[in-house]
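One structure is given here, and the rest of the page talks about it.
2 protein chains.
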Amino acid sequence: MNQPLSAVTFPDDGCELRIIDQTRLPGALVELALTTLPEMVDAIQSLRVRGAPALGVAGAVGLAVLAERAAIEGPATFDADMATAATALRSARPTAVNLAWAVDRVLAAGQVGGASPTVRATAMRTEASTILNDDIAMCARIGVSGATLLRSGMTVLTHCNAGALATAGIGTALAPIYTLHARGETIRVYANETRPLLQGARLTAWELDRAGVPVTLITDGMAASVMRSGVIDAVLVGADRIAANGDVANKIGTYGVAVLARHHGIPFYVLAPRSTLDPHTPHGDGMEIEMREASEVRAMGGVATAPGHVTVHNPAFDVTPAALVTAIVTDSGVFHPPYHFTA
Amino acid sequence: MNQPLSAVTFPDDGCELRIIDQTRLPGALVELALTTLPEMVDAIQSLRVRGAPALGVAGAVGLAVLAERAAIEGPATFDADMATAATALRSARPTAVNLAWAVDRVLAAGQVGGASPTVRATAMRTEASTILNDDIAMCARIGVSGATLLRSGMTVLTHCNAGALATAGIGTALAPIYTLHARGETIRVYANETRPLLQGARLTAWELDRAGVPVTLITDGMAASVMRSGVIDAVLVGADRIAANGDVANKIGTYGVAVLARHHGIPFYVLAPRSTLDPHTPHGDGMEIEMREASEVRAMGGVATAPGHVTVHNPAFDVTPAALVTAIVTDSGVFHPPYHFTA
């Protein structure tokens, strides 16, 4: 099989942030080497890199790259440049908690009292590499834990993209798929296309197909009849945030898939890094849901699909109550209900 | 309010089949006046006119128009021309049972022993007008019966398009909406966009908006969270075929909506002409499901949304078990479970 392509890489021998331009998929596989702050901010804002874990790694590596360049090109303004860069990277996607967290970690690693910009930049590179390698290890652990819930010959359904393209490693929801596939086990996937932004069609179908995993693409409305036909053994999805009681915020459409899975007696698994756990939010009702532009629903690829002025409801996420979640898999292991995540 | 625009009309003072070109919606409202067999066959095959009731009316009016023209332009070949036209119209959409049934009715009405082509064409016009008026009356009766299940202030969810654009009248699933709206009652609609062919976005949102009914467009994956938020009081959908036990074949995605409605305690109503009842099919498991082209799922409006070679599952319909159907409304009235439709 082809190794799944990670969203973000940081070459040992080069001072650049490398990403796959996800806005070009599935039409073209374009790798970008980013070296300036405006390039990095643009890549994050325009969703060339997306997915909570990948955004964190991109922010960390991006700041480390800028530090090494600043240490050479303008050591006198190093502190001011780092502060500016950190602020701009953090605010490129203000709701991405991972991004701010990772940028702050790398910035703090460079606060070495009395050291030269070169020494401080090296410390920042080390910290960014650690964040990247931790992400790869997190995915691998989720893959091994999640694989214990599946067996060879199974067919799973997934929604959105929580794959290699959302992380620096082999993904979260797709990690057990890649883990079993690498062991030579047979595992098949149905991918919901995931309107409005089609991450399932553009990204999940693309990366699984490229890695040699058998994948069948369906529209979101087909999941119910596919489940009723008996071919789906489990549902695997990622998460954007998990409340203390196990309620899960994830891409819009996830909750409906969970209801359908329960109706058909199919286990519904959520796979996410433990950094997604938010023990300070007691349950999902307290989670704010981002509302997005009507144009995402009224058009596709620049082609109008609805009257241009019609009212649209376009929430980015929904909340799946813990009662519908069979198990939650993190890099700390497999959790079963009742869920009680603590700080 | 604007009167909803019917898919098919037959002017008393003109010899032409008038349709709204539904492939141009929602971008442009284009009415076509069809007078030749190739134009009519093309309009049916390319889905410029669609929806089971509308197809039947289009076939009936189309054949009557061709008969009147043939009676003037070539009475000597009237019988041969009618046979050719009937065969071509019937086979333009071979799975549309209504189309063949309506064409055959008009053809039979022209079999007047010893009469001139002009007299026979007049009989065919009368029969086609009857079929069209019956369709308008069917919609009106469904509207009145369906309205008894709703009340002012309600918000309903619908899937696909079973509206005026699918009939010669005010639609089937949307008929109670227009009936209440015409009475001055407040009724709001959420419309699923209905991938892959987007009849909800292109047609339902367009016709409701045009008629002044408040409509909100959502992607299919959003229906679950909208239901959970408590705003949906009822689901109204059409049907392509209803088995003797009440199992309902309808546009792909309908079954999932029915499961979600049950989970949230929301009544799920099916509204369709009694010609949709198929007492010879005991239950839904015996219904053949048309599989359509992968390209419908892999692209939208000519823009690729997925890898060009990825495997796609694209059923046109799904089957909703009778157990999930709160009531079935036809032009004969409201039916409650257990359903036992007989010939």
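Residue numbers (my numbering), protein chains in the order written: chain A, 1 to 343; chain B, 1001 to 1343. In this text, a Cβ means the ideal position worked out from N, Cα and C, and glycines have one as well.
When the options are compared against residue i, the one with the closest alpha-carbon
i: VAL1231(B); options: ALA64(A), HIS313(A), LEU17(A) and HIS264(A); result: HIS313(A)
i: PRO38(A); options: PRO26(A), VAL319(A) and GLY62(A); result: GLY62(A)
i: VAL329(A); options: MET154(A), ILE242(A), GLN111(A) and VAL310(A); result: ILE242(A)
i: LEU1271(B); options: ILE1019(B), ASN1133(B) and PRO1176(B); result: PRO1176(B)
i: ARG141(A); options: ALA343(A), PHE341(A) and ASP331(A); result: ASP331(A)
i: GLY1265(B); options: MET1227(B), GLY1256(B) and ASN1250(B); result: MET1227(B)
i: ALA52(A); options: PRO307(A), ALA121(A) and ALA168(A); result: ALA168(A)
i: THR1130(B); options: ARG1105(B), GLY1153(B), ALA1043(B) and VAL1144(B); result: ARG1105(B)
i: PHE1341(B); options: LEU1260(B), GLY1302(B), ALA1304(B) and ASN1245(B); result: ASN1245(B)
i: GLY256(A); options: GLY1221(B), ILE1289(B), GLY1110(B) and HIS1280(B); result: GLY1221(B)
i: ILE187(A); options: PRO214(A), VAL8(A) and ALA162(A); result: PRO214(A)
i: ALA1100(B); options: GLY1110(B), THR1087(B) and GLN1111(B); result: THR1087(B)
i: ALA33(A); options: GLY14(A), ARG24(A), ARG50(A) and PRO307(A); result: GLY14(A)
i: VAL1111(B); options: ASP1135(B), ARG1050(B), ALA1083(B) and ASN1098(B); result: First, the residue type needs correcting, since residue 1111(B) is Gln and not Val in the sequence shown. Cα-wise, what sits closest to GLN1111(B) is ALA1083(B).
i: VAL334(A); options: ALA147(A), PRO26(A) and PRO117(A); result: ALA147(A)
i: VAL156(A); options: GLY286(A), ALA54(A) and ILE218(A); result: ILE218(A)
i: ARG50(A); options: LEU150(A), LEU25(A), ALA64(A) and ASP318(A); result: LEU25(A)
i: LEU180(A); options: PRO307(A), THR281(A) and GLY153(A); result: GLY153(A)
i: THR1194(B); options: PRO1267(B), ASN1161(B), ASP1042(B) and GLY1212(B); result: ASN1161(B)
i: GLY1163(B); options: ALA1249(B), VAL1008(B) and GLU1031(B); result: VAL1008(B)
i: ALA1211(B); options: ALA1316(B), THR1311(B), ALA1064(B) and GLY1184(B); result: GLY1184(B)
i: ALA1224(B); options: ASP1240(B), PRO1273(B), GLN1199(B) and HIS1263(B); result: HIS1263(B)
Residue i, enclosing beta strand (DSSP E) - first and last residue
i: ARG241(A); result: 241-243
i: PHE335(A); result: 333-335
i: ALA1327(B); result: 1327-1330
i: ALA234(A); result: 234-237
Buried versus exposed, by CB contacts within 10 Å (16 or more), residue i
i: GLU1127(B); result: buried
i: PRO1094(B); result: exposed
i: THR1108(B); result: Note that residue 1108(B) is Ala in the sequence shown here, rather than Thr. So ALA1108(B) ends up on the exposed side.
i: PRO338(A); result: exposed
i: SER1046(B); result: exposed
i: ALA1067(B); result: buried
i: ARG1202(B); result: buried
i: LEU1029(B); result: exposed
i: SER275(A); result: buried
i: GLU207(A); result: buried
i: ARG1120(B); result: buried
i: VAL1303(B); result: exposed
i: ALA80(A); result: exposed
i: ILE1019(B); result: buried
i: ILE72(A); result: exposed
i: ARG1298(B); result: buried
Chain-ordered chain B contacts of residue i [CB-CB under 8 Å]
i: ALA101(A); result: One detail in the question is off: residue 101(A) reads as Trp in this sequence, not Ala. Those do not exist, as TRP101(A) stays about 28 Å from chain B at its closest Cβ, beyond 8 Å.
i: GLU193(A); result: ARG1195, VAL1297, THR1305 and ALA1306
i: MET300(A); result: MET1300, GLY1301, VAL1303 and THR1305
Endpoints, alpha helix (DSSP H) assigned at residue i
i: ILE266(A); result: Looking at the DSSP string, ILE266(A) is not in any alpha helix (DSSP H), and its letter there is neither H nor E.
i: VAL1215(B); result: Here VAL1215(B) belongs to no alpha helix (DSSP H); instead the beta strand (DSSP E) covers 1215-1218.
i: ALA1007(B); result: First-last for ALA1007(B): undefined, no H or E at that position.
i: VAL226(A); result: 223-228
Under 8 Å from the C-beta of residue i: neighbouring residues of chain A
i: ARG1202(B); result: THR305 and ALA306
i: TYR1255(B); result: ALA224, SER225 and ARG228
i: LEU1260(B); result: GLY256, VAL259 and LEU260
i: PRO1315(B); result: MET222 and SER225
i: ALA1252(B); result: Residue identity differs from the one stated: residue 1252(B) is Ile in this sequence, not Ala. Within 8 Å Cβ-Cβ: THR219, GLY221, MET222 and SER225.
i: HIS1283(B); result: By Cβ distance, chain A contributes nothing, its closest Cβ being about 14 Å from HIS1283(B), past 8 Å.
Chain A residues whose Cβ lies nearer than 9 Å to that of residue i
i: HIS1181(B); result: By Cβ distance, chain A contributes nothing, its closest Cβ being about 16 Å from HIS1181(B), past 9 Å.
Chain-ordered neighbours of residue i on chain B, where CB pairs are closer than 9 Å
i: ASP318(A); result: GLY1221, MET1222, ALA1224, SER1225 and ARG1228
i: THR216(A); result: VAL1310, THR1311, VAL1312 and HIS1313
i: PRO26(A); result: ALA1304, THR1305, ALA1306, PRO1307, GLY1308 and VAL1310
i: HIS336(A); result: Residues of chain B passing the Cβ test: none, with the nearest at roughly 22 Å.
Residue i: contacting residues in chain A (beta-carbon distance under 7 Å)
i: ALA1205(B); result: ALA306, PRO307 and VAL310
i: MET1287(B); result: Near MET1287(B) there are no residues of chain A at all, since even the closest Cβ is about 12 Å away, more than 7 Å.
i: ASP1209(B); result: PRO307 and VAL310
i: LEU942(B); result: Nothing about residue 942(B) can be read from this structure; chain B reaches only from 1001 to 1343.
As an exercise, report each continuous alpha helix (DSSP H) stretch of at least 4 residues that is fully enclosed by the stretch 141-211 of chain A, in chain order. 175-182 and 205-210
Enumerate, from N- to C-terminal direction, the unbroken alpha helix (DSSP H) stretches of 4 or more residues contained entirely within the stretch 73-121 of chain A. 78-90 and 97-109
If we require 3 or more residues per run, which beta strand (DSSP E) segments fall completely within the stretch 1016-1083 of chain B? 1017-1020 and 1031-1034
If you scan the stretch 251-321 of chain A from start to end, which runs of the beta strand (DSSP E) of 3 or more residues do you find wholly inside it? 268-271 and 317-320
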